[in-house]
Amino acid sequence: MRLEVFQVTDRGGKAAGKVKAHFKDAIVHRPEEIKGGRLKGLVRNAMKGGDALVFVCAAGIAVRAVAPFLKGKETDPAVVVMDDSARFAISLLSGHLGGANALTKDIARICGAKAVISTATDIHGLPCVEDIAKKFTLAIEDVKKIKIINSAVLDNRKVYVIDAIATRAALIKKSFGKSGGNYPRRAFDFRSAFPAIPLPRSVFVCVSPFTKVNIPPRFVSRTLILRPKEFVFGTGCMKGVGLKEVEAAFNAALKRSGVAARAVRNVATIDVKRRERGLNAFVRKNGFVIEYFDKDTLNAAPAPSGVSKAALAATGAAGVAECAALVSARVKKIWLKKIKVGRVTAAMAWAPFTS
Numbered sequence: 537m538r539l540e541v542f543q544v545t546d547r548g549g550k551a552a553g554k555v556k557a558h559f560k561d562a563i564v565h566r567p568e569e570i571k572g573g574r575l576k577g578l579v580r581n582a583m584k585g586g587d588a589l590v591f592v593c594a595a596g597i598a599v600r601a602v603a604p605f606l607k608g609k610e611t612d613p614a615v616v617v618m619d620d621s622a623r624f625a626i627s628l629l630s631g632h633l634g635g636a637n638a639l640t641k642d643i644a645r646i647c648g649a650k651a652v653i654s655t656a657t658d659i660h661g662l663p664c665v666e667d668i669a670k671k672f673t674l675a676i677e678d679v680k681k682i683k684i685i686n687s688a689v690l691d692n693r694k695v696y697v698i699d700a701i702a703t704r705a706a707l708i709k710k711s712f713g714k715s716g717g718n719y720p721r722r723a724f725d726f727r728s729a730f731p732a733i734p735l736p737r738s739v740f741v742c743v744s745p746f747t748k749v750n751i752p753p754r755f756v757s758r759t760l761i762l763r764p765k766e767f768v769f770g771t772g773c774m775k776g777v778g779l780k781e782v783e784a785a786f787n788a789a790l791k792r793s794g795v796a797a798r799a800v801r802n803v804a805t806i807d808v809k810r811r812e813r814g815l816n817a818f819v820r821k822n823g824f825v826i827e828y829f830d831k832d833t834l835n836a837a838p839a840p841s842g843v844s845k846a847a848l849a850a851t852g853a854a855g856v857a858e859c860a861a862l863v864s865a866r867v868k869k870i871w872l873k874k875i876k877v878g879r880v881t882a883a884m885a886w887a888p889f890t891s
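Printed below as a string of structure tokens:
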């Protein structure tokens with residue numbers, strides 16, 4: 537976790553020091569660094585590239601500091617504020633998706649402060665859909681529908697969780713199948729398919745990596761889709777390809793494979809493509825991790841479309857897109873065989889959930 541601490545006053549040094557002692561890699565900005573209007577620039581950079589911001593100051597200062605840089609609950613980092621006497625640690629922003637609630641509890645324990653958590657599900661001891669997504673690495677398709685699901689949990693209405701993968705469904709149920717507080721009935725009802733006759737005013741959470749999900753039309757407006765990151769986008773390209781060329785190949789692969797973009801776990805290719813600007817720009821833009829493999833590793837994998845003479849001549853590998861996808865996904869069966877879009881090749885491998 538990349539954590540930045542903003543110690544606004546000298547009196548906050550002790551509290552900031554305790555946070556730094558626990559989070560060894562944390563960056564602490566001292567008062568002398570913040571003075572003279574420099575807080576805005578520091579916060580801008582932290583909001584852009586950090587996982588969490590911890591302010592040791594009044595809550596109002598923290599609110600005004602981060603407000604200009606907020607983009608949305610799916611991307612905003614965790615923001616925690618603690619007074620300089622370490623009496624209270626407050627989860628200010630991105631409590632669930634960003635992990636601010638959990639971080640607040642950690643900081644409160646470290647500094648001897650009282651944790652202040654205001655999210656409704658936490659107050660009532662109830663599970664929330666963001667926690668499911670975070671724990672099981674599920675991407676939220678439409679963050680606006682989070683409110684629909686969590687409101688149903690709070691109102692004690694039925695929330696059906698639809699997942700055809702029995703192993704994952706069982707693990708989610710084990711972690712989130714119970715509720716607490718004043719709500720004796722469990723919050724979620726787990727199914728492998730949508731119920732024919734659901735309870736009135738019920739809502740749905742559907743876990744699927746595919747664009748075509750069999751959601752009954754009358755349920756669409758109250759269904760939140762979670763995308764398991766299970767697919768690897770394998771790619772090869774000619775020297776000097778641009779960002780738009782890679783994007784075109786990626787979009788074509790998604791369309792042909794029926795895979796949702798948010799279900800792509802990572803990109804895979806051959807190591808000689810490390811410096812391809814277009815490919816690197818694509819990875820940065822989409823926030824993907826990219827894996828590189830040498831020719832020997834790729835040659836040890838099956839090449840579903842056969843040996844590519846062009847790839848063999850250029851890289852020494854019998855195939856790049858398919859082989860890289862298979863090696864990265866650690867499977868032997870390709871989901872989408874190699875397609876060629878301009879100067880880019882693309883393939884998809886599926887690494888389904890196992891445990």
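For the sequence shown, the numbering used here gives the first residue as 537, with consecutive numbering after it.
Beta carbons are placed, not taken as given, at the ideal position from N, Cα and C, and that holds for glycine.
A quick note: this is a predicted structure, and the numbers were derived from the prediction, not measured.
Beta-carbon within less than 6 angstroms of A552's beta-carbon, same chain only, minus the 5 sequence neighbours each way: which residues are those?
Counting from one through the sequence shown, the residue named residue 552 turns up at place 16. Closer than 6 angstroms at Cβ, skipping near neighbours: V541, Q543, V564 and V592.
Should K821 be labelled buried (16 or more other beta-carbon atoms within 10 Å of its own) or exposed?
Reading the sequence shown from its first residue, position 285 is the one you call residue 821. Exposed, since its Cβ has fewer than 16 Cβ neighbours within 10 Å.
Within its chain, find whatever has a CB closer than 7 angstroms to the CB of A797; leave out the 5 residues flanking it on each side and keep chain order.
As a first step, residue 797 must be located in the sequence shown, where it is residue number 261. Only L790 meet the Cβ criterion.
Tell me K670's beta-bridge partners as DSSP assigns them.
As a first step, residue 670 must be located in the sequence shown, where it is residue number 134. Bridge partners of K670: none, in fact.
Check P604 in the structure and name its three-state DSSP category.
Within the sequence shown, the letter at position 68 stands for residue 604. DSSP places P604 in helix when its eight states are reduced to three.
Between the beta-carbon of V697 and the beta-carbon of D725, is there less than 8 angstroms?
Counting from 1 along the sequence shown, the entry for residue 697 is found at position 161. Counting from 1 along the sequence shown, the entry for residue 725 is found at position 189. In contact: V697 and D725 (Cβ atoms closer than 8 angstroms).
Taking the Cβ atom as the reference point for each residue, do G794 and K748 lie within a distance shorter than 8 angstroms?
Within the sequence shown, residue 794 is the residue found at index 258, counting from 1. Within the sequence shown, residue 748 is the residue found at index 212, counting from 1. Cβ distance < 8 angstroms, so G794 and K748 count as in contact.
Is N787 closer than 8 angstroms to E827 when the C-beta atoms are compared?
Here residue 827 is taken as the residue at index 291 of the sequence shown, counted from 1. Here residue 787 is taken as the residue at index 251 of the sequence shown, counted from 1. Going by C-beta atoms, E827 is not nearer than 8 angstroms to N787.
Measure how close the beta-carbons of I806 and K831 come, nearest whole angstrom, since I'm counting them as under 8 angstroms.
On the sequence shown, residue 806 is found 270 positions in, with the first residue counted as 1. On the sequence shown, residue 831 is found 295 positions in, with the first residue counted as 1. Right, the Cβ-Cβ distance comes to about 7 angstroms (below 8 angstroms), so this counts as a contact.
Starting from the C-beta of G778, find all residues in its chain whose C-beta is less than 6 angstroms away, skip the five residues before and the five after it, and write them out in chain order.
If you number the sequence shown from 1, residue 778 lands on position 242. Excluding sequence neighbours, G778 sits near G814.
So, for V808: in the same chain, excluding its five sequence neighbours on each side, which residues have a beta-carbon less than 7 angstroms away from its beta-carbon?
The residue you call residue 808 lines up with position 272 of the sequence shown. Once the five neighbours on either side are set aside, the close Cβ partners of V808 are T851.
Does DSSP classify E827 as helix, strand or coil?
Your numbering for residue 827 matches position 291 in the sequence shown. E827: strand per DSSP, three-state reduction.
Can you give, in chain order, each stretch of the alpha helix (DSSP H) that sits fully within the segment 550-596 and has at least 4 residues?
Taking only runs of at least 4 residues, the alpha helix (DSSP H) segments lying wholly in the segment 550-596 are 567-570 and 575-585.
Cutting at 6 angstroms between CB atoms, please list the residues of its own chain near G635, excluding the five before and the five after it.
Looking up residue 635 in the sequence shown gives position 99. Result list for G635: A614, in chain order.
With D807 as the anchor, note down where its beta strand (DSSP E) starts and where it stops.
Locating residue 807 in the sequence shown gives position 271, counting from the first residue. Run containing D807: none; DSSP gives neither H nor E here.
Applying the 10 Å Cβ sphere with the 16-neighbour rule, what's the burial state of A729?
Numbered from 1 along the sequence shown, position 193 holds the residue referred to as residue 729. With fewer than 16 Cβ atoms within 10 Å of its Cβ, A729 is classed as exposed.
Between A885 and G770, is the Cβ-Cβ spacing less than 8 angstroms?
Reading the sequence shown from its first residue, position 349 is the one you call residue 885. Reading the sequence shown from its first residue, position 234 is the one you call residue 770. Yes, the pair counts as a contact, with Cβ atoms nearer than the cut-off.
Which of the three DSSP states, helix, strand or coil, is assigned to L539?
To locate residue 539, count along the sequence shown from 1; it is residue 3. Of the three classes helix, strand and coil, the one that applies to L539 here is strand, per DSSP.
Where P720 and R737 are concerned, what is the direct C-alpha to C-alpha distance, given to the nearest angstrom?
On the sequence shown, position 184 is the one that residue 720 refers to. On the sequence shown, position 201 is the one that residue 737 refers to. The pLDDT assigned to P720 is 47, lower than 50, so where the model puts this residue is not dependable; a value taken from the coordinates is nonetheless given after this. Roughly 19 angstroms between the two C-alpha positions.
For the segment 578-587 and the segment 654-671, state whether three or more C-beta atom pairs, one from each stretch, are separated by less than 8 angstroms.
Not touching, per the Cβ criterion.
How would you label K680, buried or exposed, when you count the other beta carbons within 10 angstroms and need 16 or more for buried?
For the purposes of this step, residue 680 is taken as residue 144 along the sequence shown, with counting starting at 1. Exposed is the call here.
What alpha helix (DSSP H) runs, 4 residues minimum, are completely inside the segment 720-801?
List check, alpha helix (DSSP H) in window: 779-793.
Where DSSP assigns a beta bridge to T881, which residues make up the other side?
Working through the sequence shown from its first residue, we reach residue 881 at position 345. Paired residues: G772 and K876.
Below 8 angstroms, can you find three or more Cβ-Cβ pairs linking the segment 662-676 to the segment 639-654?
No: fewer than three Cβ pairs fall under 8 angstroms.
Let me know the beta strand (DSSP E) ranges lying completely inside the segment 820-872, each 3 residues or longer, listed in chain order.
Runs of the beta strand (DSSP E) inside the segment 820-872: 825-829.
Considering only DSSP beta bridges, list what V615 is partnered with.
Along the sequence shown, one-based indexing puts residue 615 at 79. Beta-bridge pairing links V615 to L589 and L629.
I need the boundaries of the alpha helix (DSSP H) containing D699, first residue and last residue.
Counting from 1 along the sequence shown, the entry for residue 699 is found at position 163. No alpha helix (DSSP H) holds D699; the beta strand (DSSP E) holding it covers V695 to D699.
In terms of residue numbering, what span does the alpha helix (DSSP H) encompassing K917 cover?
Residue 917 lies beyond the residue range present for the chain, which begins at 537 and ends at 891; the question has no answer from this structure.
Taking A836 as the reference, which of G855, A849 and G823 has the closest Cα?
Counted from its first residue, the sequence shown places residue 836 at position 300. When only C-alpha atoms are compared, the closest one is G855.
What is the rounded straight-line gap between the Cα of S630 and the Cα of D612?
The count along the sequence shown starts at 1 and reaches residue 630 at position 94. The count along the sequence shown starts at 1 and reaches residue 612 at position 76. Going by the C-alpha atoms only, they are around 7 angstroms apart.
Does V679 come out as helix, strand or coil in the three-state DSSP assignment?
Locating residue 679 in the sequence shown gives position 143, where the first residue counts as 1. Looking at V679 - three-state DSSP - the assignment turns out to be helix.
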